[in-house]
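Undergrad:
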Amino acid sequence: MIVNITKNKLKNSSRKEKQIKQINTRLVEASNCSQEELFLKYQTSQNGFQDEERIEAAREEYGLNKITKKGADNVWKRLFRSFFNFFNIILFALAIVSMIIDLILPASKGKKITWIDGMTVIIVLFMVFLSGIIHFVQEQRGASSADKLVETVETTSLVQRNGIMKEIPMDEIVVGDIVYLAAGDIIPADVRILEAKDLFISQSSLTGESDAIEKYKNIDSSKEFEAITDRSNLAFMGTNVISGSAKTIVIATGNDTIIGQVASKINEKPIPTNFDKGIKKISIMFTIIMAVIVPIVFLILGIKGVIGGENQWLEGFLFGISIAVGLTPEMLPMIVTASLSKGAISLGKAKTIIKNINSIQNFGSMDILCTDKTGTLTQDEVIMERHMDVTGKEDFHVLKYAFINSYYQTGLKNLLDKSIINKTFEMASKNKELEDFQRFYEKIDEIPFDFKRKRMSVLVKSLKQNKVTLITKGAVEEIVSVCKNIYIDGEVKPLDKKTIDKVLRRVEEFNSEGLRVIAIASKKSTINAVGKISVNDECDMTLIGYLTFLDPPKDSAAAAIEKLHEYGVDVKILTGDSALVTKAVCAQVGIKNNRILLGKEVEELSDAELKIEVEKVQIFAKLSPDQKARIISILRDNGHVVGYMGDGINDAPAMKSADVSISVDTAVDIAKESANIILLEKDLNVLAKGIVEGRKTHANINKYIKMTASSNFGNIFSILIASFLIPFVPLNPVQIILLNLVYDVCCATMPWDNVDPEFILKPRQWEYKSIWRFMFWFGPTSSIVDIVSYVVLFFAIIPNASFMTSKGDWVQIGAYKSFASLKDELSIEKQKAFKELFWAGWLVVSMYTQTLVIHFLRTDKTPFIKSNATTSLFISTLIGCAIINAVPYIPGINKGLSLMPLPGIYYAWLVLFLGIYVLLVVSVKSIYKRIYKEFL
140 MIVNITKNKL KNSSRKEKQI KQINTRLVEA SNCSQEELFL KYQTSQNGFQ DEERIEAARE
200 EYGLNKITKK GADNVWKRLF RSFFNFFNII LFALAIVSMI IDLILPASKG KKITWIDGMT
260 VIIVLFMVFL SGIIHFVQEQ RGASSADKLV ETVETTSLVQ RNGIMKEIPM DEIVVGDIVY
320 LAAGDIIPAD VRILEAKDLF ISQSSLTGES DAIEKYKNID SSKEFEAITD RSNLAFMGTN
380 VISGSAKTIV IATGNDTIIG QVASKINEKP IPTNFDKGIK KISIMFTIIM AVIVPIVFLI
440 LGIKGVIGGE NQWLEGFLFG ISIAVGLTPE MLPMIVTASL SKGAISLGKA KTIIKNINSI
500 QNFGSMDILC TDKTGTLTQD EVIMERHMDV TGKEDFHVLK YAFINSYYQT GLKNLLDKSI
560 INKTFEMASK NKELEDFQRF YEKIDEIPFD FKRKRMSVLV KSLKQNKVTL ITKGAVEEIV
620 SVCKNIYIDG EVKPLDKKTI DKVLRRVEEF NSEGLRVIAI ASKKSTINAV GKISVNDECD
680 MTLIGYLTFL DPPKDSAAAA IEKLHEYGVD VKILTGDSAL VTKAVCAQVG IKNNRILLGK
740 EVEELSDAEL KIEVEKVQIF AKLSPDQKAR IISILRDNGH VVGYMGDGIN DAPAMKSADV
800 SISVDTAVDI AKESANIILL EKDLNVLAKG IVEGRKTHAN INKYIKMTAS SNFGNIFSIL
860 IASFLIPFVP LNPVQIILLN LVYDVCCATM PWDNVDPEFI LKPRQWEYKS IWRFMFWFGP
920 TSSIVDIVSY VVLFFAIIPN ASFMTSKGDW VQIGAYKSFA SLKDELSIEK QKAFKELFWA
980 GWLVVSMYTQ TLVIHFLRTD KTPFIKSNAT TSLFISTLIG CAIINAVPYI PGINKGLSLM
1040 PLPGIYYAWL VLFLGIYVLL VVSVKSIYKR IYKEFL
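Written out as structure tokens, the structure reads:
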């Protein structure tokens, strides 16, 4: 059989390799053949598909444009893990053993089996079913809600079909579609480029190359390429357009793409978050406790049986398994899922879309938010204030050149470009020189903007004068660095250091007022340069003037930042903008700016030095995208949970480095794809709401884990003590499981519990050590009450209680030791009655203390007075107590569970037990807070 499996694996592997080879061949052929051959092969045209039938045929032939990720979640996987988790497997094992002992073996000896004999099996399987169903329903509901929210910001592509241009979702694209690309777009499939204008594509997500690659319409088909990704007339799914534009035809979709092939070979696992690590450590913690306690109990009962002349090893084994079940918080997966899905739905109502439901945890734990200033602190409505020559006088010549540069560039037009174009059209009616000049220029070529050069150039030809001019626009320092001359007072003069200093001082004055400044330079060129210009041509230019822009702070920014600070979130500004502009804006919104760290300084610092600096500095200016990502990585290394908010191409590296990445629905595709969370409003106030919801989610999960761990540990610790002291099993396995089941059902409403306002004032990370601490303080506290209840039940209540014998006589039970050694029928009945009454008494007191402790441990305030649970949690705890209280009195069920009705005097003692417990918990709680300076 092993040989057959191996053969099948090899066969599947061979088939997969053959399929990959065929797809790669298809891409190579598409790269080499003409456009007409492509249109013929895929039955399309320059105007795209002509009818729906051909689109459906292409989808049928080549498949959907979706990558099937190995290990992707679905309904069946959620159903499987809901019922077959670690905890439920233990329950299944217990049910099987109980079935053998209680049903199969007695039946084989001729005993008549009733449903009461199978009570243990029924309760265990019911517990598995109930826990699994609740877990599945909550997880399915959460997944469904998240999917619906994500659909509202689905990434689209511009496609031409039947001559009509329209945006469609990426997954609707088929092989043969004509797709148009622009700066900021994600390539939706593997495509062949039909037309390109200064197209630069980042392939770092696929090849790891940091520099953008220029792509062209044509390729030398005789040239040999080391890899398909080296072919300059092909672009690949998952890469993104940095600048320029293109018209393309789709060659491969979904699993057939290059990135799809990679995904089919590996199972991508997300980087473990702070929450993931915390839950893993908690699971390990419970496993260690079980590994220690369960064998001890098993040995105690087995050895006691040997000493007493009885074989109790099997009973000890069953009891040990039941303890393992009693110790583990079975409802933890359901509580986590319900809390996260509740948070996602609440945030959806607050105009916040959660793409990854687990990111809510990181949202709440975030203690540093890094963001650009544009659009976040400012109104994201850049207004061009002035267009000046280098002396500060208004100059239409400067505005004209700025307009030509912005109007004719084919890259992604940013807010500055739009402001220049709008201002020019607004002024055109007032100035004849500006009215028609755009019609008298022809764009020849361009050098796209990139974030290292921080400038972009266009080469234009004047149709009137037949002259070619290179016009460059960009950050002042970067423009000055490529200038040799300066246009001043009607003359072109050499640009010396004295003049440069004078220009930069003037720019600093504008920056200090919060104005952003960009410079304009030009250079006469020749016709011979057409189609051949490059970055090397940006030299020996003439500085002609500059433009100033105002992006005023949002009215809500200062209050929002103050609110974030109240919640313990430090706001750091990471921007590519000028230091002085950024400082002026930050001063208006309340961000400290004692020192600003520039990109060039960041570059010079080692990682060790930067680790120190990032803690001191709030504003980082003139940064490149890679420098932003590096700062975020350093902050994470320092132990912070870091969020990054961005919406541009240059933000993608930083977003991928952050614990939680945040974008807006108007962001470029690559930013939206990189984001865990998408805001429908670019406002820090919306972030504050998300942080609060994340912390509520953390609080309720944390409460459940701590109170359940301490409560269960207390019960198990009590059982361990009782195993030494009491001559019989302290509780039957089925009774432990019933107690655990009812308690867990009580806790099912925990995700909707109220959270004290004080708890959300600071970020909290998952610390398994605090759970250990909490468990070892409050677990044994309940054991004190348990021991008191043992003593009272064993020596006071039960000996004086009466029961009805099999002959119908009422008999006083008496002391256990007085009849334990006797073997007559009455003594055996007395022993049985003693045990059943003891079990009923301890079951009830355990349930009351467990549910009472929910209200005392869910808050560090005084429960019922200063902090109340939600009505649903309060009612569920009452129902839990009522169920356990009623079980000993229900005929048939009490017999199946080996329980007896409790005498009235027991409830007077119960009030005393609970009073002692409340005093103990309040006292320990007070001491705990004094020592550790916190509670939950």
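Following this note's numbering, the numbering of the sequence shown begins with 140 at its first residue and continues without gaps. The beta carbon of each residue, even a glycine, is placed where N, CA and C say it ideally should be. These figures come from a predicted structure and were not determined experimentally.
Use the C-beta contact count for Ile442: other C-beta atoms within 10 angstroms, 16 or more gives buried, fewer gives exposed.
TA: On the sequence shown, residue 442 is found 303 positions in, with the first residue counted as 1. It is exposed - the Cβ of Ile442 has fewer than 16 other Cβ atoms within 10 Å.
Undergrad: Helix, strand or coil for Tyr882? Go by DSSP, reduced to three states.
TA: Along the sequence shown, one-based indexing puts residue 882 at 743. If DSSP states are grouped into helix, strand and coil, Tyr882 belongs with the helices.
Undergrad: For Gln400, name the three-state secondary structure that DSSP assigns.
TA: For this step, residue 400 is matched to residue 261 along the sequence shown. Correct three-state label for Gln400: helix.
Undergrad: Just how far apart, CA to CA, sit Thr392 and Pro890?
TA: Within the sequence shown, the letter at position 253 stands for residue 392. Within the sequence shown, the letter at position 751 stands for residue 890. Going by the C-alpha atoms only, they are around 41 Å apart.
Undergrad: Give every residue of the same chain whose Cβ lies closer than 6 Å to the Cβ of Ile1066, excluding the five residues on either side of it in the sequence, and list them in chain order.
TA: By 1-based counting over the sequence shown, the position of residue 1066 is 927. Nothing listed; no residue qualifies.
Undergrad: Who are the near neighbours of Val931 in its chain, counting only those whose CB is closer than 6 Å to its CB and skipping five residues on each side?
TA: As a position in the sequence shown, residue 931 is number 792, starting the count at 1. Exclusion of the five residues before and after Val931 leaves Trp1048 as the residues of its chain whose Cβ lies within less than 6 Å of its Cβ.
Undergrad: Tell me which residue opens and which closes the beta strand (DSSP E) that Gln951 is part of.
TA: As a working mapping, residue 951 is identified with position 812 in the sequence shown. Segment Trp949 to Gln951, the beta strand (DSSP E) holding Gln951.
Undergrad: Ser221 by DSSP, collapsed to three states: which one?
TA: Sequence index remark: in the sequence shown, residue 221 carries index 82 (1-based). Correct three-state label for Ser221: helix.
Undergrad: So is Gly629 buried or exposed if we call it buried at 16+ other beta carbons inside 10 Å?
TA: The sequence position of residue 629 within the sequence shown is 490, counting from 1. Residue environment analysis places Gly629 among the exposed positions, since fewer than 16 neighbouring C-beta atoms fall within 10 angstroms of its C-beta.
Undergrad: For Gln766, which three-state DSSP category applies?
TA: Numbered from 1 along the sequence shown, position 627 holds the residue referred to as residue 766. DSSP places Gln766 in helix when its eight states are reduced to three.
Undergrad: Along the chain, which unbroken stretches of the beta strand (DSSP E) at least 3 residues long are found entirely within the segment 291 to 369?
TA: Entirely contained in the segment 291 to 369, the beta strand (DSSP E) runs reaching 3 residues are, in chain order, 295 to 300, 303 to 308, 317 to 321, 329 to 341 and 352 to 354.
Undergrad: Taking Glu705 as the reference, give the member of Phe977, Trp916, Pro1027 and Pro902 with the closest Cα.
TA: In the sequence shown, counting from the first residue as 1, residue 705 sits at position 566. Out of Phe977, Trp916, Pro1027 and Pro902, Pro902 has the C-alpha closest to the C-alpha of Glu705.
Undergrad: With distances taken Cα to Cα, identify the nearest neighbour of Ile700 among Phe915, Val599, Thr295 and Lys512.
TA: Reading the sequence shown from its first residue, position 561 is the one you call residue 700. Nearest C-alpha to Ile700: Lys512.
Undergrad: May I ask which residues mark the beginning and end of the beta strand (DSSP E) holding Arg592?
TA: Looking up residue 592 in the sequence shown gives position 453. From DSSP, Arg592 is part of no beta strand (DSSP E); its letter is neither H nor E.
Undergrad: Where does Ala959 fall in DSSP's three states?
TA: Counted from its first residue, the sequence shown places residue 959 at position 820. Three-state DSSP puts Ala959 in coil, outside helix and strand.
Undergrad: Tell me which residue opens and which closes the beta strand (DSSP E) that Asp709 is part of.
TA: Taking the first residue of the sequence shown as position 1, residue 709 is located at position 570. Run containing Asp709: Asp709 to Leu713, per the beta strand (DSSP E) assignment.
Undergrad: Under 8 Å between the Cβ atoms of Thr681 and Val631?
TA: Residue mapping note: residue 681 aligns to position 542 of the sequence shown, counting from 1. Residue mapping note: residue 631 aligns to position 492 of the sequence shown, counting from 1. It is a contact, given that the beta carbons lie within the stated cut-off.
Undergrad: Between which residues of its own chain and Lys404 is the CB-CB distance below 7 Å, once the five residues before and five after are set aside?
TA: Here the question's residue 404 lines up with position 265 in the sequence shown. For Lys404, the predicted model reports a pLDDT of 48, less than 50, meaning its position is unreliable; a value from the coordinates is still stated below. By the criterion of a C-beta distance shorter than 7 Å, Lys404 is surrounded by no residue of its chain, once the five residues flanking it on both sides are discounted.
Undergrad: Counting C-beta neighbours from all protein chains within 10 Å, is the total for Cys622 16 or more, i.e. buried, or is it exposed?
TA: Counted from its first residue, the sequence shown places residue 622 at position 483. It counts as buried.
Undergrad: Would you call the segment 293 to 301 and the segment 351 to 366 touching, i.e. three or more CB-CB distances under 8 Å?
TA: no
Undergrad: Helix, strand or coil: how does DSSP classify Met1039 here?
TA: Within the sequence shown, numbered from 1, the residue matching residue 1039 stands at position 900. In the structure shown, the three-state DSSP call for Met1039 is coil.
Undergrad: What's the C-alpha gap between Phe437 and Met794?
TA: Within the sequence shown, numbered from 1, the residue matching residue 437 stands at position 298. Within the sequence shown, numbered from 1, the residue matching residue 794 stands at position 655. Using only the alpha carbons, I get a separation of about 52 Å.
Undergrad: Have a look at Asp895 and Thr378 and give me their C-alpha separation to the nearest angstrom.
TA: What you label residue 895 is simply residue 756 of the sequence shown in a count that begins at 1. What you label residue 378 is simply residue 239 of the sequence shown in a count that begins at 1. Cα-Cα distance, rounded: 46 Å.
Undergrad: For Lys362, count the other beta carbons within 10 Å of its own beta carbon; 16 or more makes it buried, fewer makes it exposed. Which is it?
TA: Locating residue 362 in the sequence shown gives position 223, counting from the first residue. Exposed, by the Cβ-count rule.
Undergrad: Mapping the DSSP letters down to three states, classify Ile499 as helix, strand or coil.
TA: Position 360 of the sequence shown holds residue 499. Looking at Ile499 - three-state DSSP - the assignment turns out to be helix.
Undergrad: When burial is assigned at 16 or more other CB atoms within 10 Å of the CB, is Glu191 buried or exposed?
TA: Your numbering for residue 191 matches position 52 in the sequence shown. Exposed, by the Cβ-count rule.
Undergrad: Take Asp948 as the anchor and find which of Pro938, Phe934, Gln161 and Lys969 has the nearest alpha-carbon.
TA: By 1-based counting over the sequence shown, the position of residue 948 is 809. Measuring from the Cα of Asp948, the nearest candidate turns out to be Lys969.
Undergrad: Tell me the residue span of the beta strand (DSSP E) that contains Asn624.
TA: On the sequence shown, residue 624 is found 485 positions in, with the first residue counted as 1. From DSSP, the beta strand (DSSP E) with Asn624 extends over Cys622 to Ile627.
Undergrad: Provide the residue(s) that pair with Phe942 in DSSP beta bridges, ordered along the chain.
TA: Start at 1 with the first residue of the sequence shown, and residue 942 comes out as number 803. Answer by DSSP bridge pairing, in chain order: Val950.
Undergrad: Is Tyr1046 buried or exposed, if buried means 16 or more other CB atoms sit within 10 Å of its CB?
TA: Looking up residue 1046 in the sequence shown gives position 907. Classification for Tyr1046: exposed.
Undergrad: What residue from Gln727, Gly729, Glu752 and Glu748 has the CA that sits closest to Leu736's CA?
TA: Numbered from 1 along the sequence shown, position 597 holds the residue referred to as residue 736. Closest option to Leu736, Cα to Cα, is Glu752.
Undergrad: So, Val756 versus Val642, is the Cβ gap smaller than 8 Å?
TA: One-based indexing of the sequence shown puts residue 756 at position 617. One-based indexing of the sequence shown puts residue 642 at position 503. No.
Undergrad: Buried or exposed: Met527, going by 16 or more other Cβ atoms within 10 Å of its Cβ?
TA: On the sequence shown, position 388 is the one that residue 527 refers to. Met527 should be labelled buried.
Undergrad: State the beta-bridge partners of Glu585 as determined by DSSP.
TA: On the sequence shown, residue 585 is found 446 positions in, with the first residue counted as 1. Answer by DSSP bridge pairing, in chain order: Val597.
Undergrad: Please determine, among Leu1058, Phe588, Ile432 and Lys539, the residue with the shortest C-alpha to C-alpha distance to Phe564.
TA: The residue you call residue 564 lines up with position 425 of the sequence shown. For Phe564, the nearest C-alpha among the options comes from Lys539.
Undergrad: Is Ile712 near Ile758, with beta carbons less than 8 Å apart?
TA: Counting from 1 along the sequence shown, the entry for residue 712 is found at position 573. Counting from 1 along the sequence shown, the entry for residue 758 is found at position 619. Yes; because the gap between Cβ atoms is below 8 Å, this pair is in contact.
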